[in-house]
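Trainee:
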Amino acid sequence: KQYGDIFQFDVTMTYKSEAALSQKENDLKKLQEDSRVKSATSMAVYHGFYADEGEDKGIDLYVPQDIESLPTYISLRQRGSGDTISLNNDGAVITEKIAKDKHLKVGDTFPIDNGDGVKKAVKIAAITENYVGHIVYMTPTYYKSVYHKTPQSTGMFAIMKDSSEKSEQALGNAFMKKDTIDSVSFYS
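One rule links them: number in this note's numbering = place in the sequence shown (from 1) + 26.
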């Protein structure tokens, strides 16, 4: 259910940390124009932490650069009703396992470290259905209001026209030759 229902992307590419913004924009444009790709978007993904009974546990923060296109790649929805959840600038969307484990509800705040070593209070705007991992979704505006820095794209998500092994291998090889790409992962 996670891949296909929730995560609708087929491939992720991670930038090398030293890649410049202009290089990232160029890579995204090249990926969007690639004949094997149906659509692509950039995303800031930070690997952070939250405290759970005195122990830090891993959590991923997803900050889409294009909020409007997020539903093409990731379905945020309420369990049961399937009602769509939209990101807004008033809080973050957290996955249901975190909410259950930490006894959190909409309107609560929750301290999350974005990977820089400092936990900041994140307000919960909604809780989304999820099956794998702990994830927090937020708009670039909300991220900046919490962490006082503009989120920088760390990679790209794409949907393939054809997810055959041959297409995936050709796309992966083409992008791994770039100085800016650190990794390519497929989810077919």
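Yeah, the Cβ is synthetic: ideal placement off N, Cα and C, and Gly gets one too.
Computed from a predicted structure; not experimentally measured.
Buried or exposed for E59, going by 16 or more other Cβ atoms inside 10 Å?
Mentor: Per the 10 Å Cβ criterion, exposed.
Trainee: Let me check understanding here. Comparing Cα to Cα, which of L96, G198 and H174 lies closest to N114?
Mentor: Closest option to N114, Cα to Cα, is L96.
Trainee: Quick check on the DSSP output: what are the complete beta strand (DSSP E) runs of length 3 or more inside the stretch 43-88, in order along the chain?
Mentor: Runs found: 63-78.
Trainee: If you drop the 5 nearest sequence neighbours on each side, which residues of the same chain put their C-beta closer than 7 Å to that of D208?
Mentor: These residues qualify, in order along the chain: T40, Y41 and K42.
Trainee: Just the Cα atoms here: how many angstroms apart are H129 and G106?
Mentor: Looking at the two C-alpha atoms, the distance is approximately 19 Å.
Trainee: Measuring alpha carbon to alpha carbon, tell me which residue in Q91, E94, F136 and I120 is nearest R103.
Mentor: Cα-wise, what sits closest to R103 is I120.
Trainee: Below 7 Å between beta carbons: does that hold for F136 and V148?
Mentor: For F136 and V148, yes; Cβs fall inside 7 Å.
Trainee: Would you identify the three-state DSSP class for G106, choosing helix, strand or coil?
Mentor: In this structure, G106 counts as coil in the three-state DSSP scheme.
Trainee: Could you tell me whether the Cβ atoms of S189 and R62 are closer together than 7 Å?
Mentor: Not a contact, by the Cβ cut-off of 7 Å.
Trainee: Take M69 as the anchor and find which of F201, L87, Y76 and G159 has the nearest alpha-carbon.
Mentor: Checked all of F201, L87, Y76 and G159; the closest Cα to M69 is L87.
Trainee: Buried or exposed, going by whether 16 or more other CB atoms sit within 10 Å of the CB of N199?
Mentor: That one is exposed.
Trainee: Following the continuous alpha helix (DSSP H) through K123, name the residue where it begins and the one where it ends.
Mentor: Residues E122 to K128.
Trainee: From N52 to K146, what does the alpha carbon distance come to, in whole angstroms?
Mentor: Roughly 33 Å separates the two Cα atoms.
Trainee: How would you label K175, buried or exposed, when you count the other beta carbons within 10 angstroms and need 16 or more for buried?
Mentor: K175 comes out exposed.
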